[in-house]
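Taking it in order: structure first as structure tokens, then the write-up.
Protein chains: 2
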Amino acid sequence: MALTIKVNEETFTPRQQAVLTAALDLLVENGDGLTMTAVARRASCSKETLYKWFGDRDGLLTATVQWQAAKVRMPVVDRSHLNAKALRLSIEQFARDLLTVITGEVSITLNRTAVTHAAQEKDSLGIIVLENGPLAIRRRLKPILEAGRDARLLRFESSEDAYRTFFGLVVRDVQIRLLLGDKALTQTNVTANIEADVKAATDQFFALYGAKANP
Amino acid sequence: MALTIKVNEETFTPRQQAVLTAALDLLVENGDGLTMTAVARRASCSKETLYKWFGDRDGLLTATVQWQAAKVRMPVVDRSHLNAKALRLSIEQFARDLLTVITGEVSITLNRTAVTHAAQEKDSLGIIVLENGPLAIRRRLKPILEAGRDARLLRFESSEDAYRTFFGLVVRDVQIRLLLGDKALTQTNVTANIEADVKAATDQFFALYGAKANP
DNA sequence: CCGCAGGCGTACCGTACGGTACGGTTCGAG
DNA sequence: CTCGAACCGTACCGTACGGTACGCCTGCGG
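Those sequence lines, one after another, are chains H and A. Quick note: to get our numbering, add 138 to the position in the first sequence (first position is 1). Quick note: to get our numbering, add 138 to the position in the second sequence (first position is 1).
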């Protein structure tokens with residue numbers, strides 16, 4: 139049960155979603171100190187119900203992460219008419235969404251939880267976060283990049299490499315520093331600079347992969 | 139005691155270093171399941187000694203991370219005669235060292251431990267890892283970058299931005315994926331591509347910040 | 001040889017927490 | 001009204017682990 143990876147969105151009853159919300163809230167505020175008793179108390183339900191619904195602590199954790207991670211949805215970009223301006227706006231939007239999500243408190247908590255989990259030979263949470271984080275972005279971004287290449291607006295060999303470079307240019311050292319609790323990177327400090335960072339990253343990406351550059 | 143951040147390298151007796159080595163080994167193999175009893179047994183010492191030397195579990199953890207992290211030393215690059223070729227080699231070397239360290243098993247373990255720690259309002263380990271990881275690299279790289287700029291080989295406004303872009307270009311999504319336990323990124327899989335990745339990142343860095351480009 | 005400091009091994013304690021059991025309550029079906 | 005399913009609250013159990021106490025051994029200064 140705990141090892142099961144649910145690929146398609148599991149339907150939770152509203153009551154169950156309330157429990158998951160409580161669990162997520164506790165996770166965000168209390169860090170990793172998520173206890174079954176605390177969840178039960180916060181959600182006003184009995185521990186027995188928790189165990190009946192989610193199997194064990196890992197099942198509850200997995201369901202919470204899965205459920206929340208699946209909520210993060212990147213906007214779909216119109217791919218039909220793709221001029222230079224539209225492409226740039228799309229890329230910029232991706233950068234903005236990526237940075238916004240990654241610097242969010244919920245995302246930080248989920249990533250921390252998954253990393254902690256991965257430190258105990260249990261990779262299920264890591265896979266979920268990966269699947270709904272970086273990999274989701276990759277799935278969405280790649281078609282855009284390839285459309286841009288087909289339209290002679292971008293130039294690259296491997297869309298995989300282009301995506302990963304984009305990721306690096308946008309995220310830089312922000313995520314790891316946030317995960318490590320760098321006080322110099324307060325939430326407000328980051329969000330204030332998002333627009334400038336997005337623009338800079340997009341500029342750099344086009345400098346590297348724009349049709350004019352990089353012959 | 140546990141909150142103390144030791145800035146200068148604490149001198150540990152050989153016996154104490156053996157204990158720290160045992161702790162690190164356990165950390166690497168057993169993930170986060172580091173128990174005082176296990177350390178004591180592995181190091182053939184008594185728990186009482188552990189507590190006498192390190193105060194509490196956090197103190198031992200901090201000492202271990204601190205001691206190991208301080209071992210990671212970036213090579214100092216000769217800054218005196220700086221032609222284009224030497225600069226490029228220096229940058230490349232930094233990229234190589236950064237990737238090699240970050241993908242190492244010990245580094246992954248330390249980062250995971252620090253992230254886990256940071257998920258419990260305790261940021262001491264995070265600060266240590268930050269200080270000896272990204273920030274150490276920054277301290278070493280910045281002078282090189284600025285020397286390159288002074289020599290008209292590089293062109294950038296802020297050396298801080300240049301460093302962070304470099305970090306992003308080199309690390310990309312490798313570190314977070316390793317921390318999350320991505321099976322698709324096996325150790326060997328990464329190390330095999332390090333040279334190619336290093337060259338690509340350096341190329342991109344010079345494309346963005348080389349004197350000829352980016353007017 | 002004596003005494004003692006440092007350290008090993010082990011037994012022990014307290015607590016926190018995962019997991020279970022059970023009595024009481026609500027609510028819908030028949 | 002009755003019955004049973006679902007669920008709440010709570011008490012309880014077992015265990016793992018952080019931290020402490022203590023007995024024993026070793027080595028060394030006097």
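Virtual Cβ for every residue (Gly too), placed ideally from N, Cα, C. Given the structure is predicted, the values throughout are model-derived calculations rather than measurements.
Under the three-state DSSP convention, the category residue i falls into
i: L248 of chain A; result: helix
i: L291 of chain A; result: coil
i: G197 of chain A; result: helix
i: G319 of chain A; result: coil
i: N348 of chain A; result: The sequence shown places Gly at residue 348 of chain A, not Asn. Of the three classes helix, strand and coil, the one that applies to G348 of chain A here is strand, per DSSP.
i: F150 of chain A; result: coil
i: D341 of chain H; result: helix
i: R302 of chain H; result: helix
i: N221 of chain A; result: coil
i: E364 of chain H; result: Examination of residue 364 of chain H is not possible in this model, given that chain H is present from 139 through 353 alone.
i: V210 of chain A; result: coil
i: D170 of chain H; result: coil
Neighbour-count burial assignment, residue i, 16 or more Cβ in a 10 Å radius
i: S182 of chain A; result: exposed
i: G306 of chain H; result: buried
i: E184 of chain H; result: Note on residue identity: the sequence assigns Ser, not Glu, to residue 184 of chain H. The residue in question, S184 of chain H, is exposed, as its Cβ has fewer than 16 Cβ neighbours within 10 Å.
i: R302 of chain H; result: buried
i: T329 of chain H; result: exposed
i: A207 of chain A; result: buried
i: T142 of chain H; result: Note that T142 of chain H has pLDDT 39, beneath the 50 cutoff, so the model's placement of it is unreliable and the number below is only indicative. Counting Cβ neighbours within 10 Å, T142 of chain H comes out exposed, since fewer than 16 surround it.
i: A257 of chain H; result: buried
i: T175 of chain H; result: exposed
i: R310 of chain H; result: buried
Candidates the options: closest to residue i by CA position
i: V253 of chain H; options: A:L317, A:A201 and A:L292; result: A:L317
i: G348 of chain A; options: A:R287, A:G306 and A:D335; result: A:R287
i: S245 of chain A; options: A:D341, A:T151, A:Q325 and A:I282; result: A:Q325
i: G169 of chain A; options: A:N327, A:T251, A:T187 and A:L268; result: A:T251
i: D341 of chain H; options: H:E230, H:D196 and H:V239; result: H:E230
i: V308 of chain A; options: A:N331, A:L346 and A:L237; result: A:L237
i: A345 of chain H; options: H:D163, H:Q155 and H:L291; result: H:L291
i: S297 of chain H; options: H:G271, H:E269 and H:F343; result: H:F343
i: I265 of chain A; options: H:A224, H:I314, H:N249 and H:L273; result: H:I314
Rounded Cβ spacing between residue i and residue j (contact assumed at less than 8 angstroms)
i: L172 of chain A; j: L165 of chain A; result: 5 angstroms
i: A233 of chain A; j: A339 of chain A; result: 5 angstroms
i: L323 of chain A; j: V312 of chain A; result: 7 angstroms
i: G319 of chain A; j: D196 of chain H; result: Not quite, the Cβ-Cβ distance comes to about 15 angstroms (not below 8 angstroms), so this is no contact.
i: W191 of chain A; j: Q155 of chain A; result: At roughly 11 angstroms, the Cβ-Cβ gap does not stay under 8 angstroms, so W191 of chain A and Q155 of chain A are not in contact.
i: L273 of chain A; j: A300 of chain A; result: Not really, about 15 angstroms apart at Cβ, beyond 8 angstroms.
> When you check each C-beta in the segment 255–278 of chain A against every C-beta of chain H, which residues fall closer than 7 angstroms?
Replying inline: A256, A257, Q258, E259, D261, G264, V267, L268 and P272
> Any residues in the segment 227–244 of chain A with a beta carbon nearer than 8 angstroms to a beta carbon of chain H? Which ones, in chain order?
Replying inline: If the cut-off is 8 angstroms between Cβ atoms, the segment 227–244 of chain A has nothing near chain H.
> Listed from N- to C-terminal order along the chain, which residues in the segment 317–331 of chain A have their beta-carbon within a distance smaller than 8 angstroms of any beta-carbon of chain H?
Replying inline: L317, L318, G319, D320 and K321
> What are the residues of the segment 283–310 of chain A that lie near chain H, defined by any Cβ-Cβ distance shorter than 8 angstroms?
Replying inline: D299, R302, T303, F305, G306, L307, V308, V309 and R310
> Using Cβ-Cβ distances below 8 angstroms, what residues of the segment 340–351 of chain H are close to chain A?
Replying inline: Q342, A345, L346 and A351
> Using a beta-carbon distance cut-off of less than 8 angstroms, what residues from the segment 161–180 of chain H approach chain A?
Replying inline: G169, D170 and G171
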